[in-house]
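Numbering of the sequence shown is given in UniProt numbering, commencing with residue 1 and proceeding in unit increments.
These notes concern the structure reproduced below.
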Amino acid sequence: MKIAIIGASGFVGKATVTEALKNNHQVIAISRHGQFEENSNLNVLHHDINDWQSLAPKIRDVDLIISTFNPGWKDPNLYEDFLTGAHSVNQLAKSLKKRVIIVGGAGSLFSQQTNRQLFVDADINFQNMVRGAFELYEELIKDDSFDWTFVSPALDLNADKPNYNYNVGGDYVLYNTEGESKISIYDLADLLISIAPAKHLIHKRVTLANK
């Protein structure tokens, strides 16, 4: 499969590039300035996703788009920049008529205790951080004009070693046997490459957490 990975030099993006190459996929890594180790199956495109119109012809032959786009938690305009970039990704996917897998946050997941979305009951600091991803998902669930899958990682997304042994769910936060909701970026990357592309997950949300 030929996969375009947007935000390829970021926290989740790099792990996803590595996982895709490990599984012998052809990868187009899209980032503004990222540097990557050479690989015969890797093509690097330095490009701003907000200029999606000029990016489209460069990736017209991909089978799948994976967006790990995030402007960064320290971005003072995080909310605006996240939604601008996310909407650009969606416009790109629509124009190319390509399936897109979007990595968002856990804020729109439902609590098993309250049956309410985490965002609704969170403190203002958390809401400010995840508001963009929350609103993006609320938009997506009303839009079936293109093929999307939304991936919400566990609450604690870390760089621990992968164990490739995790639970997969839908709209509710998952917890391990110790009551923790956590997952490694490497296990997340495994799901993005091996599970999320399944056709039955089109117009669905998927989540994961350590067992």
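For each residue, glycine too, the CB sits at the ideal point set by N, CA and C.
Here the structure is a predicted model, which is why all the values come from computation and not from measurement.
Which of helix, strand or coil DSSP assigns to residue i
i	result
T18	helix
N24	coil
S194	helix
G169	strand
F11	helix
Nearest-angstrom beta carbon gap, residue j and residue i [assumed within contact, 8 Å]
i	j	result
T18	A189	7 Å
D61	K2	7 Å
V168	V206	6 Å
L21	L55	In fact, because the Cβ distance is near 21 Å, the residues do not count as touching under 8 Å.
K199	T177	Actually they do not touch by this definition, with Cβ atoms about 32 Å apart.
I59	V27	Not confirmed; about 11 Å, so no contact.
A122	G107	7 Å
Per DSSP, the bridge partner or partners of residue i
i	result
S152	T207
N158	S184
I3	V27 and L64
I102	S67 and F150
For the region 82 to 98 against the region 27 to 34, are there 3 or more C-beta pairs whose distance is under 8 Å? Contact between the region 82 to 98 and the region 27 to 34 is absent, because fewer than three Cβ pairs lie under 8 Å.
Count Cβ pairs between the region 134 to 154 and the region 170 to 188 that sit closer than 8 Å; are there 3 or more? As far as the Cβ criterion goes, the region 134 to 154 touches the region 170 to 188, which means the pair count is three or higher.
Pairs of beta-carbons, one from the region 67 to 87 and one from the region 133 to 148, closer than 8 Å: are there three or more? Result yes; three or more Cβ-Cβ pairs closer than 8 Å.
Every unbroken alpha helix (DSSP H) within the region 27 to 88, with a cutoff of 4 residues, ordered by chain: Counting only runs of 4 or more, we get 52 to 55.
Return the chain-ordered ranges of every alpha helix (DSSP H) run that is complete within the region 118 to 144 and spans a minimum of 4 residues. Fully enclosed alpha helix (DSSP H) runs of 4 or longer: 118 to 121 and 124 to 140.
Would the region 156 to 164 count as touching the region 108 to 115 if we require 3 or more Cβ pairs under 8 Å? With a cut-off of 8 Å, the region 108 to 115 and the region 156 to 164 do not count as touching, because too few Cβ pairs lie within range.
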